[in-house]
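See below for the structure under consideration.
Chains as they are written, first to last, in our numbering: chain A, 63 to 285; chain B, 63 to 285.
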């Protein structure tokens, strides 16, 4: 019988950190609990003591992802400027990036794991509600001028971009998209195009802000 | 030793048809060559005679998908009206739908299959070029008024929507999204939102067409 480790709480967290890194790097189908234990330098028995199956580990990481996301989505109601919208979507993309293994093999994960299937659908519903709230906040503050019809056409597109943009970048270039030094530019590009869909609706002030802050930076980055 | 079947060409095609149906229904990781042979009522040896491995079968289906897609993408240059753009994107979505197993487990498929990885990246490049050509055609015909900057912001969003919208619908509702009777409405909805991003740029004529043809039908469908 194996003695329980001295700091079970900390070991459990460390397992999650290392598992997340491996899952993001190699993809869920290619990461076994044996690999995770080896990378941590602990015995499979010790890993098993904390997470009796790979599914338990994935679910614990999912709870981390969901908790981070929920806190961010809750900010949607207070968005009253393009700058605030930029920060909001940038943070959401960063969280998706931090847990990118979830989206890379999402369908396979969901088909094997009922808990995840139900919870992920809830997340998409709340993500949709947050996008609607963000657009509404921008409209109420006068930063954009949109009819409810415009907002209804646009919102589902923003949700799809929020969910799949980074995965698309990965598929376009699987080897280079993994390099950490590209992450910042990739996230900025994602927000730039997502919020770019609001450009035709910007008020004069918001448009001036967009052109001087956002476009200026984007064209500087391109050189 | 097994005798070769009488009509190898036809059997090979029939294997592909049945494999595609099973792959779309259950997802690539859940479909074995044994299952495909059983569904066809042929021996695993007979299947093996045509496709010596599951990868050969997937690659043959991929060639079918790519061939269909290439023929459609070649039409992009001739688009000169919103109606033509609707038909163009509707056809592209229908092809993605017909081979939806590819996108459902794309990352896993690509990580296991180098041929697919390289070819799929080529498809994305050509899809991007076709979207740019379609927008350009609409601009030249006067159906939309956009600056090159507007087009550069918008095009990558259309490509991401084209590639991932149907997969997103699947993740939102995996059980119902499989029902064939929902396919038509799902495809229409996808084109509606994708082309909806062009609304702010429509000329007066194109806008009138959009409102009388597209919005009228969309609101009729909603009741």
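Glycine is no exception: its CB is placed at the ideal position from the N, C-alpha and C atoms.
Let me check understanding here. Comparing Cα to Cα, which of the options lies closest to residue i?
i: residue 139/B; options: 130/B, 243/B, 150/B and 71/B; result: 150/B
i: residue 210/A; options: 120/A, 280/A, 102/A and 197/A; result: 197/A
i: residue 263/B; options: 223/B, 117/B, 250/B and 203/B; result: 203/B
i: residue 156/A; options: 234/A, 98/A, 257/A and 248/A; result: 248/A
i: residue 186/B; options: 201/B, 175/B and 154/B; result: 154/B
i: residue 207/A; options: 77/A, 268/A and 82/A; result: 268/A
i: residue 184/A; options: 220/A, 103/A and 128/A; result: 128/A
i: residue 232/B; options: 174/B, 147/B and 245/B; result: 245/B
i: residue 195/B; options: 237/B, 242/B and 141/B; result: 141/B
i: residue 273/B; options: 86/B, 103/B and 144/B; result: 144/B
i: residue 87/A; options: 95/A, 279/A and 237/A; result: 237/A
i: residue 146/B; options: 126/B, 205/B, 100/B and 222/B; result: 205/B
i: residue 265/A; options: 95/A, 201/A and 105/A; result: 201/A
i: residue 83/A; options: 106/A, 71/A, 281/A and 102/A; result: 102/A
i: residue 118/A; options: 175/A, 179/A and 104/A; result: 175/A
i: residue 234/A; options: 275/B, 219/B, 182/B and 276/B; result: 182/B
i: residue 116/A; options: 104/A, 96/A and 126/A; result: 96/A
i: residue 178/B; options: 126/B, 78/B, 242/B and 221/B; result: 126/B
i: residue 106/B; options: 77/B, 279/B and 220/B; result: 77/B
i: residue 277/A; options: 130/A, 148/A and 180/A; result: 148/A
i: residue 104/A; options: 130/A, 242/A and 74/A; result: 74/A
i: residue 152/B; options: 223/B, 72/B and 79/B; result: 223/B
What does residue i pair with, by DSSP beta-bridge criteria?
i: residue 286/B; result: Lying before the first or after the last residue shown, residue 286/B is absent from chain B, which here runs from 63 to 285.
With hydrogens ignored, establish whether the beta-carbon of residue i is closer than 7 angstroms to any heavy atom of the ligand MG.
i: residue 169/B; result: The ligand MG is not part of the structure shown, which contains no ligands of any sort.
Should residue i be labelled buried (16 or more other beta-carbon atoms within 10 Å of its own) or exposed?
i: residue 199/B; result: buried
i: residue 258/B; result: buried
i: residue 261/A; result: buried
i: residue 270/A; result: exposed
i: residue 81/B; result: buried
i: residue 99/A; result: buried
i: residue 158/B; result: buried
Give, in chain order, every residue of the segment 250-273 of chain A whose Cβ lies closer than 8 angstroms to some Cβ of chain B.
254, 255, 256, 258, 259, 261, 262 and 263
Members of the segment 163-185 of chain B that neighbour chain A once the beta carbon cut-off is set at 8 angstroms
166, 167, 168, 169, 170, 172, 173, 179, 182 and 183
For the segment 210-217 of chain B and the segment 158-165 of chain B, state whether three or more C-beta atom pairs, one from each stretch, are separated by less than 8 angstroms.
no
Should the segment 134-142 of chain A be regarded as contacting the segment 188-199 of chain A, the criterion being three or more beta carbon pairs within less than 8 angstroms?
yes
Between the segment 82-93 of chain A and the segment 165-182 of chain B, can you find at least three pairs of beta-carbon atoms closer than 8 angstroms?
yes
Determine which residues of the segment 231-246 of chain A have a Cβ less than 8 angstroms from any Cβ of chain B, and write them out in chain order.
232, 233, 234, 235 and 236
Within 8 angstroms, do at least three Cβ pairs link the segment 107-122 of chain B to the segment 217-228 of chain B?
no
If the cut-off is 9 angstroms on Cβ atoms, which residues from the segment 66-98 of chain B count as contacting chain A, listed in chain order?
88, 89, 90, 91 and 92
For the pair the segment 250-257 of chain A and the segment 118-128 of chain A, tell me if three or more CB-CB distances fall below 8 angstroms.
no
Going along the segment 124-141 of chain A in order, which residues come within less than 7 angstroms of chain B, judged by CB to CB distance?
none
Residues within the segment 216-227 of chain A neighbouring chain B, beta-carbon criterion of under 8 angstroms:
216, 218, 219, 221, 222, 223, 225, 226 and 227
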